[in-house]
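Engineer:
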Amino acid sequence: MQTNEPIRCLIIGSGPAGYTAAIYASRANLKPVLYEGMQPGGQLTKTTEIENFPGYPKGVSGFQLMADMRNQALRFNADIRYGVATATDLSVYPYKITIDEEHVHEAYSLIIATGATAKFLGLADEQRYAGMGVSACATCDGFFYRNKDVAVVGGGDTACEEALYLSGLCKKVYLIVRKAHLRASKIMQERVLGTANIEVLFEHNAVGLFGENGVEGAHLVKRSGEADEEKIDIAIHGFFLAIGHHPNSEIFKKHLETDETGYIITQGNTPKTNLPGVFAAGDVADPNYLQAVTAAASGCKAAIEAERFLVEKGL
Ligand code: NDP
């Protein structure tokens, strides 16, 4: 294992939180190094149109928004690198972060902006049909199901967004919702309910998939456990999960306080963690808002706190 140069401000993750932290940290002359992780640009590169990020009155694609943020960080000479943080030792200072299991950086301040990853239902069939009809990203894989019937599982904004996107490509989209109502925002609900080729199946749960050479259908249960419980099968070729996310905090959990789901706990209205000089920004520390704009804001706060911390330390 090779030890690389010490870094004043190490940022891990490249969603809106990570890039915004890089913009602020580089403008404050902290000479930040940002490792982009497995999915440069983060989850937003896989969404469609973003209509609620301020400054884009006509909307902007997730991919474009992240490219803009990245370029803005580069403009101030942020050192953006490919690489995945694979281990940490936060029991010593400067903190030790291993990248790609190969080299170790010493960081005088650390901003964790590793985001969150899509959840699956936990059905054995999700594994069995991985890459053969099961997906957690409609914008990545929807193209393969043009003019076919598909299903999306979930009742939140993501599920509605995915269903709407797929409705433009596919013949029919089933939206499988476990409750009797959608959790999504009103505007998304209205769009989904007003789209002719989306059929919302309220109070349904997917319990399995079937098909010879890929997904050909899903087994559903309506009103599971009730007296009028009903088992039905739907014919579909694509099965899309949109049931939320879990935080990417695994490599930090040994040293940082997290909640029962794994979200890093931050102090009050700040991105400070339980360790001095370690800050958490964006979805990895936010089970509540999960918005690009709130992630960006917390990345900004993290960089400001990192600067204050380094100044106090005289570094
Ligand atoms: P949410 O947590 O909001 O919704 C998850 C959905 O999946 C809920 O309907 C939930 O059901 C359902 N679900 C969870 N687990 C299961 C399960 N095991 N079986 C069946 N259904 C399940 O996640 P989202 O990813 O949709 O959204 C996260 C955040 O991001 C939200 O704050 C949302 O507003 C935001 N967002 C905003 C967008 C925008 O503004 N354009 C776009 C996308 C996301 P139940 O309701 O029963 O719990």
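Numbering follows numbering that gives the first Met the number 0, with no gaps: position 300 of the sequence shown is 299. No residue lacks a Cβ here, since even glycine has one placed at the ideal position from N, Cα and C.
In the DSSP output, which residue or residues are listed as bridge partners for F209?
Structural biologist: On the sequence shown, residue 209 is found 210 positions in, with the first residue counted as 1. BP columns for F209 point to G216.
Engineer: Where does V191 fall in DSSP's three states?
Structural biologist: The residue given as residue 191 occupies position 192 in the sequence shown. Of the three classes helix, strand and coil, the one that applies to V191 here is helix, per DSSP.
Engineer: Exposed or buried, what is R69 when buried is set at 16 or more other beta-carbons lying within 10 Å of its beta-carbon?
Structural biologist: In the sequence shown, counting from the first residue as 1, residue 69 sits at position 70. Result: buried.
Engineer: Below 8 Å between beta carbons: does that hold for L43 and G58?
Structural biologist: On the sequence shown, position 44 is the one that residue 43 refers to. On the sequence shown, position 59 is the one that residue 58 refers to. In this structure, L43 lies away from G58, with their beta-carbon atoms at least 8 Å apart.
Engineer: Using the three-state DSSP reduction, which class does F330 fall into: helix, strand or coil?
Structural biologist: What is shown of the chain runs 0 to 314, which leaves residue 330 out entirely.
Engineer: Going by beta-carbon coordinates alone, are G132 and G210 separated by less than 8 Å?
Structural biologist: Taking the sequence shown and counting its residues from 1, the one referred to as residue 132 is at position 133. Taking the sequence shown and counting its residues from 1, the one referred to as residue 210 is at position 211. Less than 8 Å separates the beta-carbon of G132 from that of G210.
Engineer: Starting from the N-terminal side, write out each stretch of the alpha helix (DSSP H) that is 4 residues or longer and does not extend beyond the stretch 150-192.
Structural biologist: 156-166, 185-192
Engineer: Would you check whether the ligand NDP has a heavy atom nearer than 7 Å to the C-beta of L289?
Structural biologist: Translated into the one-based positions of the sequence shown, residue 289 becomes position 290. Indeed, a heavy atom of the ligand NDP lies less than 7 Å from the Cβ.
Engineer: By DSSP, does P246 sit in helix, in strand, or in coil?
Structural biologist: Taking the first residue of the sequence shown as position 1, residue 246 is located at position 247. Three-state result, P246: strand.
Engineer: To the nearest angstrom, how far is the alpha carbon of Y128 from that of A226?
Structural biologist: Here the question's residue 128 lines up with position 129 in the sequence shown. Here the question's residue 226 lines up with position 227 in the sequence shown. Roughly 32 Å separates the two Cα atoms.
Engineer: Out of F278, I98, A284, which one is the CA nearest neighbour of E35?
Structural biologist: On the sequence shown, position 36 is the one that residue 35 refers to. Of the candidates F278, I98, A284, the one whose C-alpha sits nearest the C-alpha of E35 is I98.
Engineer: Following a CB-centred definition, is R222 positioned closer than 7 Å to any heavy atom of the ligand NDP?
Structural biologist: Within the sequence shown, residue 222 is the residue found at index 223, counting from 1. Relative to the ligand NDP, even the nearest heavy atom lies 7 Å or more away from the CB of R222.
Engineer: Are A241 and A158 touching if we call contact CB-CB under 8 Å?
Structural biologist: Taking the sequence shown and counting its residues from 1, the one referred to as residue 241 is at position 242. Taking the sequence shown and counting its residues from 1, the one referred to as residue 158 is at position 159. Result yes, Cβ atoms of A241 and A158 sit closer than 8 Å.
Engineer: Check this for me: beta carbons of F52 and V152, under 8 Å apart or not?
Structural biologist: Taking the sequence shown and counting its residues from 1, one reaches residue 52 at position 53. Taking the sequence shown and counting its residues from 1, one reaches residue 152 at position 153. For F52 and V152, no; Cβs fall outside 8 Å.
Engineer: Excluding sequence positions up to five away, which residues of its chain have a Cβ less than 7 Å from the Cβ of S184?
Structural biologist: One-based indexing of the sequence shown puts residue 184 at position 185. Excluding residues within five positions, the ones whose Cβ falls inside 7 Å are D156.
Engineer: Under the assumption that H236 contacts Y144 (Cβ atoms under 8 Å), give the Cβ distance between them as a whole number of angstroms.
Structural biologist: For this step, residue 236 is matched to residue 237 along the sequence shown. For this step, residue 144 is matched to residue 145 along the sequence shown. Taking C-beta atoms under 8 Å as the contact rule, H236 and Y144 qualify, at a distance of about 6 Å.
Engineer: Taking the DSSP output, what are the residues bridged to F52?
Structural biologist: Start at 1 with the first residue of the sequence shown, and residue 52 comes out as number 53. DSSP output for F52 lists no bridge partner at all.
Engineer: Between M187 and E161, what straight-line distance do the alpha-carbon atoms span, to the nearest angstrom?
Structural biologist: Here residue 187 corresponds to residue number 188 of the sequence shown, with the count starting at 1. Here residue 161 corresponds to residue number 162 of the sequence shown, with the count starting at 1. If you take the alpha carbons of M187 and E161, they lie about 11 Å apart.
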